[in-house]
Amino acid sequence: MKAAVIVFPGSNCDRDCAVGVERATGAKVEMVWHAEPELPGGLDLIVLPGGFSYGDYLRCGAMAAQSPVMKAVVAAANDGVPTLGICNGFQILCEAHLLPGALLRNEKLKYICKPVDLEIVNGNTRFTAAFGERRTARMTIGNGEGNFFAEAETLDRLEGEGQVVFRYANENPNGSARNIAGIINEAGNVLGMMPHPDRAFEAELGSIDGAVLFRSVLG
Amino acid sequence: MRARVQVFLKPGVLDVQGKAIEGALHGLGFPGVDHVRVGKTIEFDLAGSDAAAAEDEVKAMCERLLANTVIESYRVEVA
Amino acid sequence: MRARVQVFLKPGVLDVQGKAIEGALHGLGFPGVDHVRVGKTIEFDLAGSDAAAAEDEVKAMCERLLANTVIESYRVEVA
Amino acid sequence: MTSPAKSMAELAREYGLKAEEYAVILQRLNREPNAVELGVFSVMWSEHCSYKSSRKHLAKFPTTGPRVICGPGENAGVVDIGDGQACIFKMESHNHPSYIEPYQGAATGVGGIMRDVFTMGARPIALLNALRFGDPSHPKTRRLVEGVVAGIGGYGNCVGVPTVGGETNFHRGYDGNILVNAMCVGIADADKIFYSAAPAAGLPVVYFGSKTGRDGIHGATMASAEFDEDSDEKRPTVQVGDPFAEKLLIEATLELMKTGAVAAIQDMGAAGLTSSSVEMAGKGSVGIELDLDMVPQREEGMTAYEMMLSESQERMLAILKPGRERDGHAIFEKWGLDAAIIGWTTDTGHIVLKHKGQIVCDIPLSPLSEDAPLYDRPWTEPVKHPRLDPGQIPAPANWEAAVLKILSCPDVASKRWLWEQYDRHVMADTLEDSATGADAGIVRVHGSRKGLAVTSDCTPRYVQNDPYEGGKQAVAEAWRNLTAVGSDPIAITDNLNFGNPERPEIMGQIVRAIDGMALACRELDFPVVSGNVSLYNETNGAAIPPTPTVGAVGLLADYDDHMDFSNLRDGDMLILIGDNHGELGASLYLRELLGREDGAPPPVDLVAERRNGDFVRGLIHGKLITACHDLSDGGLVIAAAEMALASSIGVTLSASSGAHAHPFLFGEDQGRYLVATRDAARVLADAGAAGVHAIVAGEAGGEAFASKELFSIAMPALRAANEHWMPDYMAAKA
Ligand SMILES: Nc1ncnc2c1ncn2[C@@H]1O[C@H](COP(=O)(O)OP(=O)(O)O)[C@@H](O)[C@H]1O
Ligand SMILES: [Mg+2]
């Protein structure tokens, strides 16, 4: 098993993602600098980590989506390589048009860091299979722009096609459309989510649900 | 040449910042304020002297980076 | 009436966004871009019909809320 | 035109130099300085850089110990945490800038303190912030809170270092001068610590980071002057923080250090290029020559003076080893940082600055440090408040209302509104943070079983009424908080915030607070390894309450041994450790219910403090208790209520009505802990054997927070009282 974590200038969960994936799955993780034109071969997972790529200036993820490595990421994703964008990574996936919609400023205009309860809306994806029958998960969020937006037709389609993977279960922390916390592409290999599995991979961190997610895809 | 790009959220996208500012202005005693929209302005110098070519170039910048056309619209001025 | 307020960082104040955008535009193959400054535009409807009074009112809004005059300056247009 | 002599002396005054100080400069140079030279002297001799009022007294702090690798004097303190690892930490204020521009002031405060830590080779792993605002009803307070909190979050979150704790007080004494103290903790290999002294002459000096602009010129001298009505006019261009640049700077600095090319390094903090170059050369007893034309500049036409005094953020100065000039090149390029060789170390003992082919400054370095003014300022013994007889303090008319009042007062109310804006989990090593119900934040030392506990403490109302006892108390409370989470307290940093030291009564506060702190540090084996002094926190002659903030670090050999207070279960017995005299002087009970701020603060018995703390730590490591909380603001009632809230379970205290119920429940006696156990008999017996006073004080269970027949408050009402104040306050219209 082999995974790559892409490092953009300003990424700050890159190490967390690598450690989380390694500890949860034993996979070998390579760090790939954003300026690389190519990805290592034989990848079973690409992770776009959280953080503030390019300071989140202009728009979150906008400048990172134009990084040289993103051409290779788009190509790999189109080839079916499982690709996971967490937080800033989710924003980058939207900006790179690998996922529909966009992430707007949180409704209350503030950065919010807190644990959230998630509903696993689709447990049949390659990222959620290891949750089995379980339909809830707990992870923390930490974002200022996690308010998912898409046109109504897009939202209907996402819901209809099972592309909504995670929803905020109790309280919607940021005003996200239809309580969406994570979505997957049509082909089922590109997942974007605001909550951090990379902060939930050991019991002492408060939850191991992130480890379950990593094990789903690299199981 | 000096270019100015204005980027606004599209009409269907809730402008939470605009809404917050509207509420705050009402609270400060400016009740006549309505339909507040907040946008970004990006101004810069641009090498070259052909205004039409410059405008095309700036539009290309908008499409690629400066605006996210899923949620935003933009206006370009070059002078 | 429609009011438009443009808020920019005062000259000399570091514009972190402008700096990052400039770098990104160069990287995308627009080397002719220079001196990028990023500002905010706030547009809204305003009750009343006296343009001069409206302008004064909008200026008061700028001083109290819309601009942080320690580091920002603003321009007001009312039409 | 006035004569040059007159204008230079005048300029000196404008730059904040006293006439005597200017006279020393004339004497040492044997000529008149030019404006650039005067600028260099004025910032190096400012209170901020020279500690001229406090230096004499700071010397009283114990600064050594078996774990101390580097005490005060470097960018941050360094302590050994075993296994070849060191913990590097420091606290610093950004009070004045935060009052003028709260967002940027606080943000750049966080940035500055992080640079002090990674400059020494450490990766920052935790942040804390200690905030003091004016009265909530003051018209500026809400906006200042909003901006400061957003600025702290905006910077720390972006760089990606978790903010795991802090403290927040409100008092009218800070109406005109808020305090923003930020602390950063980092980890390095103990044999790879980087220092600032230039080791030799003939070495290249490299500048890297952001470009230099006209930001914050005279920030260091501003930090050393009182506010008056014209401060708004005098304010220099505000420094703007670029956390993105800081993140790149951290990575580039740590990479550069790995190459082995760095001989000495220093961040450009207050007084930027001046203090960094002067200190590096001065400490190494060499000279330094800089060509200012080589400095990366953001604006056109900057003068030498402006470049030397600029406080542009996110900049570093390094001295490289011979022949290693090119080593950094690829690194700076990779991280997109500006960089240039701007000069060389020399053997002249002078700082020489060139600009546009002219020598614009040539002064000997030694007077800058050796002759830096050192004042033994006159001081008067602070007036002592008498101890209050608990029997003379009225009991509450309505017990429920009294409990809820204190639990919801601004100092005690939950600060969730604030810390939810801080990323507390990035780096994936946070075990305890502001949200979790623990007396200190805890982060794992990445890749090991070790944990670091961190806290910041000061109770200004105690220091106000007795600087000596208050100084002791700040240190003791930090030690206690670290103990309550099961860690071994190892060292502290401090941030001494006071008014104008030229006033003898303020100087008296400074002297006596330091005396008290120093004693507590010695008695608790808790050395001071770094710190910061912020004076002149006053407006129109009104000084802030004296606020010597203590930031402290404790070590857990195995983080599985850590303790918090969110784990109460039905049937747990609550045992109160420590002596109870019912001290109500300077208590919250007195202030919030009786509107009085008088009385001697609770004295700290350092022997008992240590005995009780060591005993509690033993209980934790012996797994005899399941929850632990120290007693502080509001005494037993508030500690028990916080435990109930954090655990979402009721608590019934065993105190019943009687003459001493309210001193017992609300008294703020020091050196106490409330612990939960399933084996009360064992804990009480062990306490007896250890000579520690311990009594059963209550039991966990049920749906209410109660004390026998005195009061009973349903848990939702208790939670509402604690949670609502801050969000309601922040949402209210100005
Ligand atoms: N400015 C702040 N930043 C982060 N956390 C804070 C801040 N102010 C208060 N807190 C958190 O709120 C909790 C209660 O603080 P406090 O009453 O000062 O604790 P203690 O009395 O144990 O020192 C702690 O977890 C503390 O870390
Ligand atoms: Mg405590």
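In order, the protein sequences belong to chains B, Y, E and S. Counting from 1 along the first sequence, just add 2 to a position and that's the residue number in the working numbering. Counting from 1 along the second sequence, just add 1114 to a position and that's the residue number in the working numbering. Counting from 1 along the third sequence, just add 1114 to a position and that's the residue number in the working numbering. Counting from 1 along the fourth sequence, just add 8 to a position and that's the residue number in the working numbering. Each residue gets a CB set at the ideal place from its N, CA and C atoms; glycine is no exception.
Next item on the list: List the residues of chain B whose Cβ lies closer than 9 Å to the Cβ of A1181 (chain E), in chain order.
Entry: In chain order: nothing, as chain B lies at least about 17 Å away.
Notebook entry, point to check: Checking contacts by CB at 8 Å: is F672 (chain S) closer than that to chain E?
Noted result: Using beta-carbon distances, F672 (chain S) does not count as an interface residue toward chain E, since no partner is under 8 Å.
Notebook entry, point to check: Between the C-alpha atoms of M734 (chain S) and F151 (chain B), what's the straight-line distance to the nearest angstrom?
Noted result: Spanning the two alpha carbons is a distance of roughly 30 Å.
Next item on the list: Consult DSSP for V462 (chain S) and reduce its assignment to one of helix, strand or coil.
Entry: DSSP places V462 (chain S) in strand when its eight states are reduced to three.
Check: How big is the Cα-Cα spacing for G113 (chain S) and A448 (chain S)?
Finding: Cα-Cα distance, rounded: 26 Å.
Note to self: I need the straight-line Cα distance from A260 (chain S) to D606 (chain S), nearest angstrom please.
What the structure shows: If I take the Cα positions, the gap works out to 53 Å.
Next item on the list: Give every residue of the same chain whose Cβ lies closer than 6 Å to the Cβ of R243 (chain S), excluding the five residues on either side of it in the sequence, and list them in chain order.
Entry: For R243 (chain S), the pLDDT reaches just 45, beneath the cut-off of 50, and the residue's location in the model is therefore unreliable, leaving the point undetermined.
Check: For Q321 (chain S), which residues from the same chain have a beta carbon less than 8 Å from its beta carbon, with the 5 sequence-adjacent residues on both sides left out?
Finding: Sequence-distant Cβ neighbours of Q321 (chain S) in its own chain, meaning closer than 8 Å and more than five residues away, are T116, G119, G120, S218, D223, Q247, V248, G249, D250, A253 and E254.
Next item on the list: Return the chain-ordered ranges of every alpha helix (DSSP H) run that is complete within the segment 241–321 of chain S and spans a minimum of 4 residues.
Entry: Qualifying alpha helix (DSSP H) stretches, in chain order: 251–266, 280–291 and 312–317.
Item checked: Beta-carbon proximity of Q1120 (chain E) to R1178 (chain E), cut-off 8 Å -> Between Q1120 (chain E) and R1178 (chain E), the gap from beta carbon to beta carbon reaches 8 Å or more.
Check: Using the beta-carbon count (16 or more within 10 Å), is S664 (chain S) buried or exposed?
Finding: Label assigned to S664 (chain S): exposed.
Notebook entry, point to check: In terms of alpha-carbon separation, which member of S:Y313, S:Q274 and S:I258 lies closest to N42 (chain S)?
Noted result: That would be S:Y313, whose Cα lies nearest to the Cα of N42 (chain S).
Checklist line | Per-residue contacts from Q472 (chain S) into chain B (C-beta, under 8 Å) | finding: Ordered by position in chain B, no residue passes the 8 Å Cβ test against Q472 (chain S), which lies about 33 Å from the chain.
Item checked: Neighbourhood of D384 (chain S) by C-beta, 6 Å cutoff - its chain only, sequence neighbours within 5 removed -> Correct list, in chain order: K64.
Check: If we ignore side chains and look at the alpha-carbon of each, how far apart do S239 (chain S) and Y544 (chain S) end up?
Finding: Confidence at S239 (chain S) is low in this model, with a pLDDT of 47, below 50, so the placement of that residue is unreliable and no value is reported for it.
Checklist line | Contact with chain Y by V1190 (chain E), beta-carbon distance below 8 Å | finding: Not closer than 8 Å to any Cβ of chain Y, the Cβ of V1190 (chain E) fails to qualify, so no.
Next item on the list: In the DSSP assignment, find the unbroken alpha helix (DSSP H) run with L1139 (chain Y) in it and report its ends.
Entry: First-last of the alpha helix (DSSP H) with L1139 (chain Y): V1130 to G1141.
Check: Which of the residues in the segment 74–104 of chain B, read from start to end, lie with their CB under 9 Å from any CB of chain Y?
Finding: So the list reads C96, E97, H99, P102, G103 and A104, given in the order they occur along the chain.
Check: Roughly how many whole angstroms lie between the Cα atoms of H454 (chain S) and M33 (chain B)?
Finding: If you take the alpha carbons of H454 (chain S) and M33 (chain B), they lie about 18 Å apart.
Check: Between the C-alpha atoms of V1184 (chain E) and A1174 (chain E), what's the straight-line distance to the nearest angstrom?
Finding: Each residue's alpha carbon lies about 15 Å from the other.
Note to self: Beta-carbon within less than 6 Å of S284 (chain S)'s beta-carbon, same chain only, minus the 5 sequence neighbours each way: which residues are those?
What the structure shows: The beta carbon of S284 (chain S) sits closer than 6 Å to those of Q274, M276 and L325, all from its chain and outside the five residues before and after it, given in chain order.
Next item on the list: Kindly indicate the opening and closing residues of the beta strand (DSSP E) around R1116 (chain Y).
Entry: Counting along the chain, R1116 (chain Y) sits inside the beta strand (DSSP E) bounded by residues R1116 to L1123.
Notebook entry, point to check: Hey, N172 (chain B) and D211 (chain B): beta-carbon distance below 8 Å or not?
Noted result: For N172 (chain B) and D211 (chain B), no; Cβs fall outside 8 Å.
Notebook entry, point to check: Can you find a C-beta in chain Y that's less than 8 Å from the C-beta of M65 (chain B)?
Noted result: Yes, because at least one Cβ of chain Y sits closer than 8 Å to the Cβ of M65 (chain B).
Next item on the list: May I ask which residues mark the beginning and end of the beta strand (DSSP E) holding A5 (chain B)?
Entry: Following the DSSP letters along the chain, one finds A5 (chain B) inside the beta strand (DSSP E) bounded by residues K4 to V9.
Next item on the list: Starting from L60 (chain B), find everything on chain E with Cβ-Cβ shorter than 8 Å and list it in chain order.
Entry: Close partners of L60 (chain B) in chain E (Cβ separation under 8 Å): Q1131, A1134, I1135, A1138 and V1152.
Notebook entry, point to check: So is V1184 (chain E) in contact with chain S if we call contact Cβ pairs under 8 Å?
Noted result: So, interface residue.
Notebook entry, point to check: When the Cα atoms are used, what is the spatial distance from G129 (chain S) to C192 (chain S)?
Noted result: Rounded to whole angstroms, G129 (chain S) to C192 (chain S) spans 13 Å at the Cα level.
Note to self: Against chain S, does V21 (chain B) count as a neighbour if the rule is that its beta carbon must be under 8 Å from one of theirs?
What the structure shows: It does: the Cβ of V21 (chain B) has a partner Cβ on chain S nearer than 8 Å.
Check: Any chance the segment 210–217 of chain S sits against the segment 294–305 of chain S, with 3 or more Cβ pairs inside 8 Å?
Finding: Between the segment 210–217 of chain S and the segment 294–305 of chain S there are three or more C-beta pairs closer than 8 Å, enough to call the two in contact.
Margin query: Measuring alpha carbon to alpha carbon, tell me which residue in S:E513, S:W352 and S:L34 is nearest P330 (chain S).
Written below: Of the candidates S:E513, S:W352 and S:L34, the residue whose Cα lies closest to the Cα of P330 (chain S) is S:W352.
Check: Which partner residues does Y1188 (chain E) have in the DSSP bridge list?
Finding: Answer is E:V1121, bridged to Y1188 (chain E).
Next item on the list: Can you give me the Cβ contacts of L373 (chain S) inside the same chain, cut-off strictly under 7 Å, excluding the 5 residues immediately before and after it?
Entry: Correct list, in chain order: V286, A289, G290, G295, G357, H358 and I359.
Next item on the list: Run down chain B in chain order and give the residues with a C-beta less than 9 Å from the C-beta of R1178 (chain Y).
Entry: Ordered by position in chain B, the residues that pass the 9 Å Cβ test against R1178 (chain Y) are Q68.
Checklist line | the segment 190–210 of chain B touching the segment 1141–1149 of chain Y, judged by at least three CB pairs closer than 8 Å | finding: Touching, no.
Notebook entry, point to check: Excluding the five sequence neighbours on either side, which residues of its own chain have a C-beta within less than 8 Å of the C-beta of E237 (chain S), listed in chain order?
Noted result: Since pLDDT at E237 (chain S) reaches only 47, below the 50 mark, its modelled position is unreliable, and the value read off the structure follows with that caveat. Same-chain partners within the cutoff: N548.
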